[in-house]
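See below for the structure under consideration.
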Amino acid sequence: MKPLDRRTFLRGAGGILVGLPLLNIMVDSRRASADPLAKPRRLVLWFTPNGTIYEEWQPVVDKADPTKFTYRKILAPLASIQKKVTVVDGLDMRRGGVGDGHQQGMGHLWTGVELLAGDIKGGCADCDKAGFASGPSVDQVVAKEVGLPTRPSIDVGARVSETKNMWTRMSYSAANQPIDPEQNPWALFETLFADSLNPDTQAIARLQEERRTVVDAVLGSYKSLTPRLGQEDRQRVEKHLDAVQTMHTKFHAAKTQVCELPKLLAKPDDKEIKNFIKKNDNMPALMKLHMDIVAYALACDLTRVATFQWDNSVGNTVYTWLGINPEDKVDVAGNLETPGHHSLSHIDSQDSARAHLIDINRWHAEQYAYFLKQLDSFEESGGTVLDNSAVVWGNELARGGAHSSDPAPFVIGGGAGGTLRTGRVVTYDKKRPHNDLLLTLAQSMGVKLSSFGKPEWCTGPLAELMT
Amino acid sequence: MRTILRLGAWLVTGALSVACTGEILSAPEGSLTGSSGAAGSGNRPGTGGPGTAGTTGNPGASGNAGAPPLGPKNDPQCAQLHPGQAPVRRLTREEYDHVVLDVLGDDTAPGDGFPPDGAANGFHNAADKSTVSQLAVDKLQEAAEKVSARALKNERSRVLGGCDPAKQGEDACVTSFLGKTGRRLFRRPLGPDEETALRAVIDWGRKERGYDKAIELALQVMLQHPSFLYRLELSPDAKATDTKGVVKLTGYEVATRLSFLLWSTGPDDALLDQARDGKLDTAEQVRAAAEAMLKDDRARRTLRSFHDQWLEIEEVDYAERNEKMFPQYSKELMTSMHEETSRFVEALFFEGDRKLSTLLSARWSYVDADLAKLYGVTPPASGFARADLGPTKQRAGILTHASVMTSHAKYDRSAPVLRGRFVRQRLLCVSIPDPDMNVMGLFPDIDPTNLTTRQYFEEHVKNPVCAGCHELMDPIGFGFENYDAVGAWRTTEKNQPIDATGSLSGAGSVDGDYTGAVELADKLASSTELSSCMASQWFRYGSGRAETDEDSCSLNFARARLSASGGDLRELLVALTQTDAFLYRTTDGAAP
Numbered sequence: 000m001k002p003l004d005r006r007t008f009l010r011g012a013g014g015i016l017v018g019l020p021l022l023n024i025m026v027d028s029r030r031a032s033a034d035p036l037a038k039p040r041r042l043v044l045w046f047t048p049n050g051t052i053y054e055e056w057q058p059v060v061d062k063a064d065p066t067k068f069t070y071r072k073i074l075a076p077l078a079s080i081q082k083k084v085t086v087v088d089g090l091d092m093r094r095g096g097v098g099d100g101h102q103q104g105m106g107h108l109w110t111g112v113e114l115l116a117g118d119i120k121g122g123c124a125d126c127d128k129a130g131f132a133s134g135p136s137v138d139q140v141v142a143k144e145v146g147l148p149t150r151p152s153i154d155v156g157a158r159v160s161e162t163k164n165m166w167t168r169m170s171y172s173a174a175n176q177p178i179d180p181e182q183n184p185w186a187l188f189e190t191l192f193a194d195s196l197n198p199d200t201q202a203i204a205r206l207q208e209e210r211r212t213v214v215d216a217v218l219g220s221y222k223s224l225t226p227r228l229g230q231e232d233r234q235r236v237e238k239h240l241d242a243v244q245t246m247h248t249k250f251h252a253a254k255t256q257v258c259e260l261p262k263l264l265a266k267p268d269d270k271e272i273k274n275f276i277k278k279n280d281n282m283p284a285l286m287k288l289h290m291d292i293v294a295y296a297l298a299c300d301l302t303r304v305a306t307f308q309w310d311n312s313v314g315n316t317v318y319t320w321l322g323i324n325p326e327d328k329v330d331v332a333g334n335l336e337t338p339g340h341h342s343l344s345h346i347d348s349q350d351s352a353r354a355h356l357i358d359i360n361r362w363h364a365e366q367y368a369y370f371l372k373q374l375d376s377f378e379e380s381g382g383t384v385l386d387n388s389a390v391v392w393g394n395e396l397a398r399g400g401a402h403s404s405d406p407a408p409f410v411i412g413g414g415a416g417g418t419l420r421t422g423r424v425v426t427y428d429k430k431r432p433h434n435d436l437l438l439t440l441a442q443s444m445g446v447k448l449s450s451f452g453k454p455e456w457c458t459g460p461l462a463e464l465m466t
Numbered sequence: 000m001r002t003i004l005r006l007g008a009w010l011v012t013g014a015l016s017v018a019c020t021g022e023i024l025s026a027p028e029g030s031l032t033g034s035s036g037a038a039g040s041g042n043r044p045g046t047g048g049p050g051t052a053g054t055t056g057n058p059g060a061s062g063n064a065g066a067p068p069l070g071p072k073n074d075p076q077c078a079q080l081h082p083g084q085a086p087v088r089r090l091t092r093e094e095y096d097h098v099v100l101d102v103l104g105d106d107t108a109p110g111d112g113f114p115p116d117g118a119a120n121g122f123h124n125a126a127d128k129s130t131v132s133q134l135a136v137d138k139l140q141e142a143a144e145k146v147s148a149r150a151l152k153n154e155r156s157r158v159l160g161g162c163d164p165a166k167q168g169e170d171a172c173v174t175s176f177l178g179k180t181g182r183r184l185f186r187r188p189l190g191p192d193e194e195t196a197l198r199a200v201i202d203w204g205r206k207e208r209g210y211d212k213a214i215e216l217a218l219q220v221m222l223q224h225p226s227f228l229y230r231l232e233l234s235p236d237a238k239a240t241d242t243k244g245v246v247k248l249t250g251y252e253v254a255t256r257l258s259f260l261l262w263s264t265g266p267d268d269a270l271l272d273q274a275r276d277g278k279l280d281t282a283e284q285v286r287a288a289a290e291a292m293l294k295d296d297r298a299r300r301t302l303r304s305f306h307d308q309w310l311e312i313e314e315v316d317y318a319e320r321n322e323k324m325f326p327q328y329s330k331e332l333m334t335s336m337h338e339e340t341s342r343f344v345e346a347l348f349f350e351g352d353r354k355l356s357t358l359l360s361a362r363w364s365y366v367d368a369d370l371a372k373l374y375g376v377t378p379p380a381s382g383f384a385r386a387d388l389g390p391t392k393q394r395a396g397i398l399t400h401a402s403v404m405t406s407h408a409k410y411d412r413s414a415p416v417l418r419g420r421f422v423r424q425r426l427l428c429v430s431i432p433d434p435d436m437n438v439m440g441l442f443p444d445i446d447p448t449n450l451t452t453r454q455y456f457e458e459h460v461k462n463p464v465c466a467g468c469h470e471l472m473d474p475i476g477f478g479f480e481n482y483d484a485v486g487a488w489r490t491t492e493k494n495q496p497i498d499a500t501g502s503l504s505g506a507g508s509v510d511g512d513y514t515g516a517v518e519l520a521d522k523l524a525s526s527t528e529l530s531s532c533m534a535s536q537w538f539r540y541g542s543g544r545a546e547t548d549e550d551s552c553s554l555n556f557a558r559a560r561l562s563a564s565g566g567d568l569r570e571l572l573v574a575l576t577q578t579d580a581f582l583y584r585t586t587d588g589a590a591p
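Note that the protein sequences, when read in sequence, are chains A and B. Counted from 1, the first sequence has number 9 at position 10 by numbering that gives the first Met the number 0; the numbering is strictly sequential. Counted from 1, the second sequence has number 354 at position 355 by numbering that gives the first Met the number 0; the numbering is strictly sequential.
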């Protein structure tokens with residue numbers, strides 16, 4: 000256990016440095032000092048692509064008692080922390096509007112809305128060209144409503160394509176406004192912690208003052224510009240204004256705070272970082288770096304919302320570290336493919352591909368379990384950081400080969416500050432749309448909403464999940 | 000032409016928007032499995048922007064290639080001004096890096112760490128995809144701090160516009176800083192409100208932190224300022240020239256457009272002086288400036304940037320290959336092949352005949368030791384040198400560059416579908432729909448063990464459902480089968496001789512059968528469709544948007560100039576600066 004109780008932080012802020020290495024970190028002063036024993040609730044979205052092998056994902060459960068269950072192969076790595084996990088089985092991810100299965104799945108997953116018409120044709124004969132999602136995702140709604148104004152969310156990813164489109168982005172601040180995930184863990188670390196590497200609190204205070212001066216002027220420049228622009232230009236530049244406004248809030252609210260630091264791999268040479276990040280085989284290392292950094296950031300209350308995007312929809316990472324040999328080509332509809340994740344998912348009825356896909360999804364369960372245990376290792380207000388979080392694992396598809404979206408496989412780790420029940424498998428038999436889960440998550444975070452996403456796709460919160 | 004029009008009809012009905020292979024669908028992934036990452040992640044958003052097929056197939060678009068140059072002056076339909084749209088554009092990562100290097104001497108390329116720019120039509124400078132995310136804005140703030148600190152430390156005198164506070168006084172140097180560095184960054188003199196806001200920051204800084212820090216903070220503001228990051232064309236004194244609200248750009252706006260188009264950076268002092276002095280007010284003046292700029296070394300940046308994106312090779316450095324199958328593969332070779340294409344294009348423009356036909360069919364290129372080995376020619380004594388590839392009879396122009404072949408291949412094999420699609424979309428401007436996963440299962444199970452790549456893909460065309468799209472790509476792509484997944488020449492695959500016969504369609508008079516990419520390249524070199532497409536691609540790159548009907552006069556003018564000059568690409572670029580689309584804009588009702 001890493002004791003990182005918030006009271007410790009406060010002692011640190013009072014001038015007593017605890018543990019090494021220690022950093023000064025900016026957090027919202029109101030939240031940091033006013034109510035040290037409060038339980039900040041946190042939402043973490045966790046994405047893996049291309050569907051799962053549902054038969055090995057679905058736990059064996061006693062219908063009469065959802066707390067009596069056994070995980071099958073894929074979720075077995077969660078067994079050691081199953082008391083804090085809820086498997087949400089059988090939700091129906093509604094489909095509609097433009098785009099193909101992957102496009103819709105990725106766009107709908109966390110937003111519960113249809114895609115906008117756009118300029119990208121998916122892989123389907125009779126569907127129209129699609130654009131980005133037509134509304135915000137649940138993480139950003141929560142970040143905006145109850146997140147920290149200083150850092151509403153941290154969004155990271157690994158193996159996410161540089162090309163921005165509805166396949167490669169999952170989180171949206173608003174309609175047509177996808178969020179870019181940070182893929183460079185060292186840059187993420189620097190962004191979150193760098194100022195604080197300086198133990199000189201006076202110097203930090205001076206730096207903050209300078210930043211406030213600069214951001215005031217920058218904000219003013221955008222405010223005076225936007226009314227002069229035509230409508231389309233204005234819409235784009237207003238997003239810039241919004242982001243500067245968030246930065247403004249961050250610099251104006253900041254006070255120093257003390258945190259413990261995650262230990263990272265040695266940083267590669269700057270010139271090598273891009274190679275490192277793009278290299279297929281570095282996915283495990285990159286994921287661990289991101290998980291460690293985000294776990295500490297959440298424990299430190301630097302943010303209350305985080306998203307992890309591991310690869311993207313139709314991502315074709317080759318899981319060489321699971322013994323999948325890139326030379327063992329697979330026949331996908333007559334096309335010889337390297338055995339990447341997406342290629343395999345198209346032939347998930349074939350035994351060897353199926354075995355690989357089980358391995359891949361099980362490996363992701365191991366990573367997810369690792370992260371849950373990281374959060375669980377931080378004590379907080381009588382429980383752990385995990386207890387006050389909801390870490391939601393979702394996929395844009397249910398089954399890769401069929402490109403089906405139901406039953407959508409979801410797993411929740413943590414009890415969201417006692418608002419969600421854990422240690423169970425809840426089964427819906429496709430009777431409830433997944434928007435209901437998004438609504439439940441928003442409500443569990445304290446957002447007062449009665450519907451989420453497309454109204455026709457939302458029937459109300461999932462009472463079975465809630466305490 | 001007939002083929003193109005027919006395709007256009009197909010696209011409208013969607014009857015053929017199906018395909019039976021994951022070849023394209025599975026492309027957008029990382030480097031190990033992607034053709035190289037470039038064809039994968041770069042391809043998809045660019046496949047068929049609005050109007051792509053239609054505009055190319057527009058009668059007259061390519062039909063007037065041999066006719067006298069048409070332009071606003073002598074085409075009756077073009078008598079009125081047709082500037083098209085001019086959305087506000089944001090500096091790309093690359094442009095940001097160039098500007099901080101040119102203006103502040105900062106060579107750290109901070110833009111590398113920014114999130115990717117939005118892409119459309121195959122170019123990642125699309126105005127309507129340039130919305131920033133929070134991450135981008137945070138990165139811009141971090142970069143502004145670092146760049147400003149370095150600038151004051153290393154380039155203090157340059158930042159202050161050559162002014163020395165010890166001699167000329169601190170106040171004078173503030174004025175010099177705002178007047179010179181400010182003008183470079185904002186690409187025009189600062190407006191009064193802008194200057195007031197910056198002086199307020201400087202006053203605070205001088206009082207609280209000292210002189211240099213004050214300048215540094217003001218520089219931070221400038222580097223995050225919309226007048227720096229966005230190419231704003233809001234000249235307050237602009238007057239509409241007609242009832243449609245068409246406005247002639249100011250000299251500073253023209254200088255900015257010229258500079259980003261031809262140099263991938265902001266205008267320098269000389270160009271800004273020309274703007275100030277009214278020397279960019281006429282089309283003739285702009286032509287003279289453009290011609291001079293294309294002889295400047297900074298034009299190399301644009302050439303690299305355009306060809307990287309147009310040829311879909313910018314990610315080739317990160318391509319991963321099966322090293323057992325391709326022993327020549329190394330990270331260094333990937334970097335070298337990228338460099339080859341850049342050097343070739345630069346040599347063509349700066350030392351060569353600048354002709355489109357040479358771009359396609361040159362029997363020379365630039366090689367280093369690794370590439371010389373790959374191409375079977377004598378290695379240079381050191382570094383890169385021009386090499387005569389003619390004797391090998393294996394190479395002709397960009398199409399056979401190892402960079403292009405590797406970018407359109409996979410981890411362990413060639414990719415005829417990607418190569419065919421590349422020729423169709425990027426060289427002939429005909430978009431091909433992405434495959435339909437619902438028909439992916441139509442393909443019969445066959446054992447690939449003893450089949451060549453070609454034999455394997457030929458199975459596609461046997462199924463009529465698949466053939467609809469694949470016959471547009473595969474017969475072109477098969478002609479490249481002599482080039483393996485790292486672009487090396489091969490004559491056998493799986494102990495069978497390579498069959499490099501192909502068939503070109505969609506390229507007008509040069510349509511027909513051919514053998515090998517050298518013959519294909521020579522055919523394309525004289526294709527009117529290619530010439531027409533080339534103008535479209537440069538237009539898209541230069542305008543940050545797809546062409547619309549409003550642009551047909553501008554585009555036809557550029558096409559005609561390219562044709563009339565015998566395919567001189569420099570003339571094409573100059574011609575683009577002479578169009579309504581370049582010299583004018585339409586006000587869209589925003590209050591100035």
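Just so it is clear, CB atoms sit at the ideal spot from N, CA and C, and this is done for glycine as well.
Take Cys552/B as the anchor and find which of Thr130/B, Arg92/B, Ala563/B, Phe581/B has the nearest alpha-carbon. Phe581/B
Check whether the Cβ atoms of Arg420/B and Met472/B sit closer than 7 Å, and answer yes or no. yes
Determine, for Gly112/B, whether the minimum Cβ-Cβ distance to residues of chain A falls below 7 Å. yes
Hey, Ala462/A and Phe451/A: beta-carbon distance below 7 Å or not? no
For Gly130/A and Glu113/A, believed in contact at Cβ under 8 Å, the rounded distance: That pair is no contact at about 10 Å.
So who's on the other strand from Tyr513/B, going by DSSP bridges? Gly501/B
Tell me which residues share the same chain as Val98/B and place their Cβ nearer than 6 Å to its Cβ, disregarding the 5 neighbours each side in the sequence. Thr264, Gly265
Which of helix, strand or coil DSSP assigns to Ile178/A: coil
Examine chain B for any beta-carbon lying closer than 7 Å to the beta-carbon of Val137/A, and answer yes or no. no
With 7 Å set as the bound, which would you pick, yes or no: does the beta-carbon of His407/B sit closer than that to a beta-carbon of chain A? no
Nearest by alpha-carbon distance to Thr418/A: which of Asp386/A, Leu437/A, Ser152/A is it? Asp386/A
Count the CB pairs spanning the segment 77-91 of chain A and the segment 410-427 of chain A that are closer than 8 Å, and state whether there are at least three. yes
So, is Met465/A buried or exposed, given that buried needs 16 or more other C-beta atoms within 10 angstroms? exposed
Within 10 angstroms of the Cβ of Gly41/B, are there 16 or more other Cβ atoms? Answer buried if so, exposed if not. Because the pLDDT of Gly41/B is 30, which lies under 50, any placement of that residue in the model is unreliable, and the number read from its coordinates should be weighed accordingly. Its Cβ being crowded by 16 or more others within 10 Å, Gly41/B is buried.
My understanding is that Leu571/B touches Ala534/B, with C-beta atoms under 8 Å, so please give their C-beta distance in whole angstroms. 6 Å
Cα-Cα separation, Val131/B to Glu232/B: 19 Å
Would you mind stating whether Asp498/B and Arg453/B have Cβ atoms separated by less than 7 Å? yes
Give me the subset of the segment 286-313 of chain A whose CB atoms are less than 7 Å from a CB atom of chain B, sorted by chain position. Val313
What residues in the segment 92-119 of chain A bring their beta carbon closer than 9 Å to a beta carbon of chain B? Asp99, Gly100, His101, Asp118, Ile119
Restricting to Cα atoms, I'd like to know which of Ala384/B, Ser542/B, Asn555/B is closest to Arg256/B. Ser542/B
Collapsed DSSP secondary structure at Phe176/B in the structure displayed: helix
Glu339/B versus Leu373/B, Glu322/B, Lys354/B, Pro326/B, residue with shortest Cα-Cα distance: Leu373/B
Restricting to Cα atoms, I'd like to know which of Gln176/A, Phe192/A, Gly393/A, Ala415/A is closest to Pro406/A. Gly393/A
Kindly indicate which three-state DSSP category Val429/B falls into: helix, strand or coil? coil
Select from Thr212/A, Val384/A, Ser170/A the residue whose C-alpha is nearest the C-alpha of Pro505/A. No information on residue 505/A is available, as it lies outside the stretch 0 to 466 that chain A covers here.
Candidates Ser133/A, Pro184/A, Thr162/A: which alpha carbon is nearest Asp154/A's? Pro184/A
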